[in-house]
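Enquirer: As they're listed, the protein sequences go chains A and B. The numbering of the first sequence is this note's numbering, which starts it at 221 and goes up by one. The numbering of the second sequence is this note's numbering, which starts it at 221 and goes up by one. Note that CB positions come from ideal geometry on N, CA and C, so glycine has one too.
Number of protein chains: 2
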Amino acid sequence: MIVKIQLADLHPALEDPALNSMNFLNEVAQEYPDAVSLAAGRPYEEFFEFSALHRYLDIFRQHLVDDLGQDPVQVNRTLFQYGRTKGIVHHLVARNLEVDEGIAVDPEAIVVTVGCQEAMFLVLRALRAGPRDVLLAAAPTYVGLTGAARLLDFPVRPVATTDSGVDLADLRDQVHRARAEGLRPRACYLMPDFANPSGTSMSLADRRTLLDLAAEEELLLIEDNPYGLFPATESRRLPTLKALDTNSHVVYLGSFAKTVLPGARVGYVVADQSVADAGGGRGLLADQLAKVKSMVSVNTSPVAQAVVGGVLLAHDCSLVAATVRQRTVYADNLRYLVHGLARRFPAGSSVRWTVPAGGFFVVVTLPFPVDDALLHRSAREYGVLWTPMAHFYGDGVPVHALRLSVSAVTRDDIDRGLGRLAAFVAGEVARREPGPGVR
Amino acid sequence: MIVKIQLADLHPALEDPALNSMNFLNEVAQEYPDAVSLAAGRPYEEFFEFSALHRYLDIFRQHLVDDLGQDPVQVNRTLFQYGRTKGIVHHLVARNLEVDEGIAVDPEAIVVTVGCQEAMFLVLRALRAGPRDVLLAAAPTYVGLTGAARLLDFPVRPVATTDSGVDLADLRDQVHRARAEGLRPRACYLMPDFANPSGTSMSLADRRTLLDLAAEEELLLIEDNPYGLFPATESRRLPTLKALDTNSHVVYLGSFAKTVLPGARVGYVVADQSVADAGGGRGLLADQLAKVKSMVSVNTSPVAQAVVGGVLLAHDCSLVAATVRQRTVYADNLRYLVHGLARRFPAGSSVRWTVPAGGFFVVVTLPFPVDDALLHRSAREYGVLWTPMAHFYGDGVPVHALRLSVSAVTRDDIDRGLGRLAAFVAGEVARREPGPGVR
């Protein structure tokens, strides 16, 4: 007899919209290959070159020999064999954080992970100890966070956001409310810089107030920072929460997907919190995360780490230096898209949009709710793809907004995409107006 | 105020021996760097060469161009960008399974994972739907399985084993017993070929009987096969359960760690089971696992996959062909170790050992219980490392046995290691005999 598996007999997260969101969006993109995509948050591809793989592997190999004193047998062991669970480029990541972010961190507090997604997953797994634990997250929230939490049966409670990031009063309310219900808010997840999907950034004053709040409430903050190196103007970037964090309230998630290449699948977590065991022993949260990692993926591929390590070494560990061209493209595209929106939706139109200080994403608010059926219509009838903002709330409440991305497009794509978007919006508005027969 | 984290406030698995086992063993190895290690299950290192990375990347690139018709932009996108969650070498893995194992499988039923460990983790996450679910596992069990299950709050019930693998009568008993308790045994995990740590293999007759039992009981089997390509003799290998599986009862876990290189961190799962959703839709279990994977690590590094793909392409997708030298080393070492044990522990000695038909591991039974304290003494006073078998039971019951590994050693290591092991055993036996004062 054939084993029959019912979806309902598998983990409940598999029926959750959060886990189907990315699949749905990918499928729509595949279904309409000729549509202009203002949906994908993938990095710009124009600068990829195959030969760079060889170059960066060689640079990292030379680093093992020259700087770490490894002989050929040790080099091969480092790159080919099972290895250190916390990674082999941790010292370069620590240097990068110092150079680019002014974050001083013990390399031992870093766990190099399979992309930032695994970093997120490890942190959530460690923190979700029992049924009383809940996670707070600035809403709208990156679906990768929501999906990982669902897989770990870790309830996520949304925290309101404003045009300048997380609403600090609501955060405090949510912490108190959860505790009053007998629950344990384990941490609050947020992206202070050019957030996905909102595009918002927190002010320096708010960052300091947030850290004070975290100290008062004894709350961990999970800071996710994939876009921080891409401000839209020349103005100085703001310090990350981790750079301002004097008392280890911040678990910092890092990604190389947007700064180096997604295909390395290398990210990391800085977890310098002290963990005390019952016997009075003390260690780093990073070491507990490494124990989780050893059962999820063992170590992160040293070959993939070597590629990222090579890029870091080639630029004196500065990703600000390594991403000059990308930063120009993203900033230029962001300005061009915002300008294009203003041209196509003049003042007085009921269409509004955010003007982010950097990153990949602009949120456009429309006079009607934006759901998956509309995305299909937009792709089929107008040839333009975008992301319904409803995907980032996941509570089933209609949302009158969509997300546009500027990261993987040209100016020409933006022109064509916005022209089609304007036609789509006009079409939808007309379709929703009472027809002549009703008047 | 500094956030204080107590280990007891993190996920309970972090205090479980299963998650600390690998760390403990690594730490002992680091503490005694001059000890001969008959503990490590790592593959033989002598054949690693750095330049091979370049060669295999180039071969895979050429495959994308010549066989899949990709232009340079597409090649770069395949290797550098986010990509297919189920992987980019699935077609080569399917061909490999056909060539080496006679397994015919739809490439769409394969998920390429971050090592076999992630494959295991995804399967366990999908199958553990609620508190009634339990997993059965042939005991002694690979600690990576036990640790992953602990992290997912998935209880593991041991199934007895004999010299020829899982005890089929006990397996049926365990299924019935669990069901009688109102529990759902979701699957049974086992390694039919040269198991870690027992070294045992199932007979062909037992494999067929096991598949019949799975059909009668509607039980999934999770077949893990990292060592199958390493028989110790020229005799034909036995078919895997998956090769004999006509009704999709077997979820097959594959590893390239021992056949290609651990540092790629590439493994896979074959999950061709049909999954029905409430709406009457049907899909593959592989697609559900991919949804889990998208929230654990997104996709497996295409750069790392390309290295493995290059090795497969260079050998017409036969890993039997690719591992001729390794197979000779492992078979030779296994014979040499068994012969060495016979020389040092002659008939009449109370020391016994297994004589596996292949793989990496020999289990030695001693006249006294073997615990972690003894491992420390063996390393410190005798200079030899091995693995206490108690680690593979994890129930706290004393075990009079240790595991020796032949995979990462030379004949000279074996000679020195066994000499020291014999001295250790003699020392322990003498230490446990009543002293003259007692007589």
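Applying the criterion that 16 or more other CB atoms from any shown protein chain within 10 Å of the CB defines a buried residue, is B:Asp426 buried or exposed?
Expert: To locate residue 426 of chain B, count along the second sequence from 1; it is residue 206. Buried, by the Cβ-count rule.
Enquirer: Can you tell me whether B:Gln493 is helix, strand or coil according to DSSP?
Expert: Here residue 493 of chain B corresponds to residue number 273 of the second sequence, with the count starting at 1. The answer is coil: DSSP assigns B:Gln493 none of H, G, I, E or B.
Enquirer: Specify the secondary structure class of A:Thr574 as computed by DSSP and reduced to three states.
Expert: Position 354 of the first sequence, counting from 1, holds the residue named residue 574 of chain A. The answer is coil: DSSP assigns A:Thr574 none of H, G, I, E or B.
Enquirer: Can you pull the chain B residues whose beta carbon is under 7 Å from the beta carbon of A:Asn392, in chain order?
Expert: As a working note, residue 392 of chain A is residue 172 in the first sequence. The question names Asn, yet the displayed sequence has Arg at residue 392 of chain A. Going along chain B, no residue has its Cβ under 7 Å from A:Arg392, so there is no contact; the nearest lies around 15 Å.
Enquirer: Who pairs with A:Arg377 in a beta bridge, going by DSSP?
Expert: Taking the first sequence and counting its residues from 1, the one referred to as residue 377 of chain A is at position 157. Its beta-bridge partners are A:Leu356.
Enquirer: Does any C-beta atom of chain B lie closer than 8 Å to the C-beta of A:Tyr488?
Expert: Taking the first sequence and counting its residues from 1, the one referred to as residue 488 of chain A is at position 268. No - not a single Cβ of chain B is within 8 Å of the one on A:Tyr488.
Enquirer: Got a sec, what are the start and stop residues for the alpha helix (DSSP H) B:Tyr409 sits in?
Expert: In the second sequence, residue 409 of chain B corresponds to position 189, counting from 1. It is not in any alpha helix (DSSP H) - B:Tyr409 instead sits in the beta strand (DSSP E) that spans 404-410.
Enquirer: Using the Cα positions of B:Leu533 and B:Ala415, report the straight-line distance between them to the nearest angstrom.
Expert: In the second sequence, the residue the question calls residue 533 of chain B occupies position 313. In the second sequence, the residue the question calls residue 415 of chain B occupies position 195. Distance between the alpha carbons of B:Leu533 and B:Ala415 is about 28 Å.
Enquirer: I'd like the span of the alpha helix (DSSP H) that includes B:Asp390, first residue to last.
Expert: As a working mapping, residue 390 of chain B is identified with position 170 in the second sequence. From DSSP, the alpha helix (DSSP H) with B:Asp390 extends over 388-400.
Enquirer: Given that A:Asn243 touches chain B, what residues does it touch there, using C-beta distances under 7 Å?
Expert: Reading the first sequence from its first residue, position 23 is the one you call residue 243 of chain A. Under the 7 Å cutoff, chain B gives Lys511.
Enquirer: Excluding five sequence neighbours on each side, which residues of the same chain lie with their C-beta closer than 8 Å to the C-beta of B:Leu273?
Expert: What you label residue 273 of chain B is simply residue 53 of the second sequence in a count that begins at 1. Val527.
Enquirer: Is the segment 291-303 of chain B close to the segment 260-275 of chain A, with three or more CB pairs under 8 Å?
Expert: Segments in contact, yes.
Enquirer: Quick one: complete alpha helix (DSSP H) runs, 4+ long, within the segment 513-593 of chain B?
Expert: The qualifying runs are 522-534, 539-542, 544-564.
Enquirer: Residues of the segment 455-476 of chain B in Cβ contact with chain A at a cutoff of 7 Å, in chain order, please.
Expert: Per Cβ criterion, the list reads Asn467, Ser468, His469.
Enquirer: What does B:Thr333 pair with, by DSSP beta-bridge criteria?
Expert: The residue you call residue 333 of chain B lines up with position 113 of the second sequence. The partner list for B:Thr333 (beta bridge, DSSP) reads B:Gly487.
Enquirer: Name the one or two DSSP bridge partners that A:Ile442 has.
Expert: Locating residue 442 of chain A in the first sequence gives position 222, where the first residue counts as 1. Bridge partners of A:Ile442: A:Tyr409, A:Val471.
Enquirer: Against B:Val516, what residues of chain A qualify as contacts under a CB-to-CB distance less than 9 Å, listed in chain order?
Expert: Position 296 of the second sequence, counting from 1, holds the residue named residue 516 of chain B. Correct list: Val334, Gln337, Glu338, Phe341, Ala368, Leu371, Val516, Ser517.
Enquirer: Kindly list the residues whose CB is nearer than 6 Å to the CB of A:Ser423, restricted to its own chain and excluding five residues on each side of it in sequence; keep chain order.
Expert: For the purposes of this step, residue 423 of chain A is taken as the residue at position 203 of the first sequence. Contacts found: Ser384.
Enquirer: Specify the secondary structure class of B:Ile308 as computed by DSSP and reduced to three states.
Expert: Here the question's residue 308 of chain B lines up with position 88 in the second sequence. DSSP places B:Ile308 in coil when its eight states are reduced to three.
Enquirer: With 16 as the cutoff for other CB atoms within 10 Å, does B:Lys478 come out buried or exposed?
Expert: Taking the first residue of the second sequence as position 1, residue 478 of chain B is located at position 258. Result: buried.
Enquirer: Can you tell me where the beta strand (DSSP E) holding A:Ala643 begins and where it ends?
Expert: The count along the first sequence starts at 1 and reaches residue 643 of chain A at position 423. Element bounds for A:Ala643: not the beta strand (DSSP E) but the alpha helix (DSSP H), 631-652.
Enquirer: Which chain A residues sit within Cβ distance under 9 Å of B:Thr520?
Expert: Numbered from 1 along the second sequence, position 300 holds the residue referred to as residue 520 of chain B. Simply Val334, Arg485, Ser521.
Enquirer: Do A:Leu230 and B:Leu347 have their beta-carbon atoms positioned less than 8 Å apart in this structure?
Expert: Your numbering for residue 347 of chain B matches position 127 in the second sequence. Your numbering for residue 230 of chain A matches position 10 in the first sequence. Yes. Within cutoff.
Enquirer: Would you list the residues sitting across from B:Thr366 in a DSSP beta bridge?
Expert: In the second sequence, residue 366 of chain B corresponds to position 146, counting from 1. Beta-bridge pairing links B:Thr366 to no other residue.
Enquirer: So, does the CB of B:Gln290 fall closer than 8 Å to a CB anywhere in chain A?
Expert: By one-based count along the second sequence, residue 290 of chain B stands at place 70. No - not a single Cβ of chain A is within 8 Å of the one on B:Gln290.
Enquirer: Which same chain residues, not among the five before or five after B:Lys306, have their C-beta less than 6 Å away from its C-beta?
Expert: Indexing the second sequence from 1 puts residue 306 of chain B at position 86. Closer than 6 Å at the Cβ level, and outside the excluded window around B:Lys306, lie Val331, Ala510.
Enquirer: If you measure between the beta carbons of B:Glu338 and B:Val516, is that distance less than 8 Å?
Expert: Working through the second sequence from its first residue, we reach residue 338 of chain B at position 118. Working through the second sequence from its first residue, we reach residue 516 of chain B at position 296. A contact, by the Cβ cut-off of 8 Å.
Enquirer: Check A:Gln226 in the structure and name its three-state DSSP category.
Expert: Translated into the one-based positions of the first sequence, residue 226 of chain A becomes position 6. Looking at A:Gln226 - three-state DSSP - the assignment turns out to be strand.
Enquirer: A:Tyr302 touches chain B at which residues, Cβ-Cβ below 8 Å?
Expert: Numbered from 1 along the first sequence, position 82 holds the residue referred to as residue 302 of chain A. Ordered by position in chain B, the residues that pass the 8 Å Cβ test against A:Tyr302 are Arg262, Ala477, Pro482, Gly483.
Enquirer: For A:Ser421, does the count of other Cβ atoms within 10 angstroms reach 16, so buried, or fall short, so exposed?
Expert: Along the first sequence, one-based indexing puts residue 421 of chain A at 201. With 16 or more other Cβ atoms within 10 Å, it is buried.
Enquirer: Spatial neighbours of B:Lys224 within its chain, please: CB distance less than 8 Å, with the 5 preceding and 5 following residues excluded, ordered by chain position.
Expert: To locate residue 224 of chain B, count along the second sequence from 1; it is residue 4. Contacts found: none.
Enquirer: Note down, in chain order, each residue of its chain lying with its Cβ closer than 7 Å to the Cβ of B:Phe267, except the 5 sequence neighbours on either side.
Expert: Reading the second sequence from its first residue, position 47 is the one you call residue 267 of chain B. Same-chain partners within the cutoff: Arg545, Gln546.
Enquirer: Can a CB atom of chain E be found closer than 8 Å to the CB of B:Ser494?
Expert: Here chain E cannot be found, since the structure's protein chains are A and B.
Enquirer: Go through its chain and collect everything with a Cβ distance to B:Thr585's Cβ below 8 Å, but skip five positions before and after it.
Expert: Walking along the second sequence from the start, residue 585 of chain B turns up at place 365. Within the same chain, B:Thr585 has close Cβ partners Val571, Arg572, Trp573, His620, Ala621.
Enquirer: Contact criterion: CB-CB distance below 8 Å. Does A:Ala498 meet it with respect to chain B?
Expert: Position 278 of the first sequence holds residue 498 of chain A. Yes, contact with chain B.
Enquirer: If I follow the unbroken beta strand (DSSP E) through A:Ser625, where does it start and stop?
Expert: Here the question's residue 625 of chain A lines up with position 405 in the first sequence. Residues 621-625.
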